[in-house]
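For the sequence shown, our numbering begins at 282 and goes up steadily by one. Structure, as structure tokens:
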Amino acid sequence: MKNILVLFASPHKQGKTAALLNIYLEQYLQTLNDSFKVDILPVFDQHILPCVGCNICIKSCICPQNKKDDVKKIFSCILKSNHVIIASPVYFSGFPSQLKALIDRAQQLYNKKIKSGEVRNLKMRTGALVATCGSDNKNSFIPLRECCKQFFDCLDVDLSSKLYAVNTDNLSNIKIYNEN
Ligand SMILES: Cc1cc2nc3c(=O)[nH]c(=O)nc-3n(C[C@H](O)[C@H](O)[C@H](O)COP(=O)(O)O)c2cc1C
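See the structure below:
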């Protein structure tokens, strides 16, 4: 059984990112021989406090904020998954703030990796970035891809697929493409 987890970072459950996610899932699920379960986690509905750079996790590898919000639970869902998808719109050349807050909290996992001496991405699970942007500018996805890779490195997720849609603000001329 393959567990597929979607970190759904758009505030619009029926918007452009949701439509692109459906296209991705349709294609991806066809490649599976196993049975599967898809869980969609709406990041905007989660309680996620920001990293405040206290650096406590450098020594303890645990963020003090974990006791107060949903981040520990979300990381444990990711670690139980076989395929992790980030589905997100581009906001000012980055991820929407709620997802970025989650990503920054992975600093505790990064520090855990350093402490254990295993800083490589062990690629224990595969992952995908599914992203949309309003403009016709393919470069908009570069910072998202780099941020996603760093986040996935902390969680041993191999970023194996990227599906993008540009020009979503011009409905008659949306372009969808894969990046290798
Ligand atoms: C706060 C905000 C910032 C945005 N920044 C960008 C941007 O930097 N570049 C871009 O091409 N589109 C930008 N957009 C447009 C969205 O990326 C685009 O409309 C996206 O497809 C919306 O997806 P959704 O329907 O899932 O919300 C921005 C939209 C918002 C609301």
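Glycine is no exception: its CB is placed at the ideal position from the N, C-alpha and C atoms. Since we're looking at a predicted model, the values are computed, not measured.
Residue nearest to residue i in terms of C-alpha spacing, selected from the options
i      : options                        : result
Gly375 : Arg401, Leu403, Leu410         : Leu410
Lys404 : Arg426, Lys430, Lys443, Leu425 : Lys430
Arg401 : Arg386, Asp434, Leu425         : Asp434
Leu306 : Ser341, Gly415, His364         : His364
Pro331 : Val447, Cys342, Ala300, Ala387 : Ala387
Gln346 : Asp417, Gln389, Leu425         : Gln389
Lys394 : Cys338, Ala299, Gln308         : Cys338
Lys354 : Gln327, Asn336, Ile366         : Gln327
Arg406 : Ile366, His293, Asp385         : Ile366
Lys396 : Asp350, Ser357, Lys340, Cys335 : Lys340
Gly296 : Gly415, Thr312, Ser421, Cys335 : Gly415
Cβ-Cβ distance between residue i and residue j below 7 angstroms
i      : j      : result
Asp320 : Lys283 : no
Gln379 : Ile455 : no
Gly408 : Val438 : yes
Proximity test, residue i beta-carbon vs ligand 1 heavy atom, cut-off 6 angstroms
i      : result
His364 : no
Tyr372 : yes
Lys419 : no
Lys381 : no
His293 : yes
Lys443 : no
Ser416 : yes
Lys297 : yes
Thr312 : no
Thr449 : yes
Thr413 : yes
Backbone secondary structure at residue i - three-state DSSP
i      : result
Leu288 : strand
Ala412 : strand
Leu383 : helix
Glu399 : coil
Leu436 : coil
CB-CB length for residue i against residue j, believed under 8 angstroms
i      : j      : result
Ile359 : Leu302 : Ile359 to Leu302, Cβ: 17 angstroms. No contact.
Ser362 : Ala290 : With a Cβ gap of about 16 angstroms, Ser362 and Ala290 do not count as contacting.
Leu310 : Leu288 : Not confirmed; about 18 angstroms, so no contact.
Ile285 : Phe325 : In fact, because the Cβ distance is near 20 angstroms, the residues do not count as touching under 8 angstroms.
Cys342 : Asn392 : 5 angstroms
Asn459 : Leu444 : 6 angstroms
Ile304 : Ile457 : 7 angstroms
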